[in-house]
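The structure under discussion appears below in the form of structure tokens.
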Amino acid sequence: NQFPGDADLSVLAGTITEDSSILEFKITLDPGIVGIQWNYVFGSEEYPALVSQFNDVFALTLDGTNFALIPSPSSPVSINNVNNVTNSQYYRDNPVGSNNYATQYNGLTTVLTPRATGLRSGVEYTLRFAIADSVDTSFDSGVFLLEGSVIGTATPVPAPLPLIGAGAAFGWSRRLRSRIKQRVRSR
């Protein structure tokens with residue numbers, strides 16, 4: 006895309022980035038929402054042959070905190086941090102011509118699900134999705150957000166108090182009043 010790199014992504018990649026693509030917008034959480042989660046997959050044409058030569062990187066930040074991390078150990082999502090050797094439990098190979106997955110990317114992460122918790126309703130947050138090449142501008146990487154996966158998590162609410170006793174008492178008192186009225190009429 007011939008865009009410049011991104012300073013934050015360059016820090017994560019450990020090298021200068023190029024061809025950055027960034028989607029940034031403001032969100033305000035609805036009442037009762039105290040967290041957000043996303044499901045995404047990172048993929049690249051650089052897998053597996055160009056691991057450690059190039060290090061394309063992805064960041065998903067909320068007010069500057071990156072949530073696009075490999076779960077264990079907590080490291081940024083990049084070519085060098087998740088591949089067929091490093092953190093391979095989060096990697097899926099997609100060899101050229103295999104048609105394992107409907108994409109040109111030669112490798113993909115498994116579905117990753119970061120969660121931002123402890124947020125406050127009614128507060129405006131900045132959400133930023135950013136990806137960039139490092140070293141090269143020829144091989145592409147991309148991120149796929151799974152449809153319907155960006156969801157808010159609600160404040161836990163105590164379970165409603167059981168009203169069975171009150172309903173039974175109300176029903177009993179209505180029947181009792183009915184019987185009393187019948188007795189009064191029959192006298």
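Be aware that the sequence shown starts at 6, since it is given in the working numbering, and climbs by one per residue. We put the CB at the ideal spot given by N, CA and C, even for glycine. Nothing here was measured: the structure is a model prediction, and the numbers come from that model.
- Message: Please report the straight-line C-alpha distance between Y110 and Y130, rounded to a whole angstrom.
- Response: 32 Å
- Item | Nearest-angstrom Cα separation, counted from D141 out to G102 | 23 Å
- Are T22 and S146 touching if we call contact CB-CB under 8 Å? no
- Item | Contact the segment 112-124 vs the segment 93-100: 3+ CB pairs below 8 Å | Yes, since at least three Cβ pairs between the segment 112-124 and the segment 93-100 fall closer than 8 Å, the two stretches touch.
- Query: Which residues mark the beginning and the end of the alpha helix (DSSP H) in which S15 is found?
  - Reply: A12 to A18
- Considering only residues of the same chain and omitting the five flanking positions on each side of P53, which have a CB-CB separation below 7 Å? N88, N89, D98, N111 and G112
- Query: Secondary structure at Q94, three-state DSSP: helix, strand or coil?
  - Reply: helix
- Task: Identify every run of the beta strand (DSSP E) within the segment 65-149, keeping only runs that are complete inside it and at least 3 residues long; order them along the chain.
- Result: Entirely contained in the segment 65-149, the beta strand (DSSP E) runs reaching 3 residues are, in chain order, 80-83, 96-98, 112-114 and 129-139.
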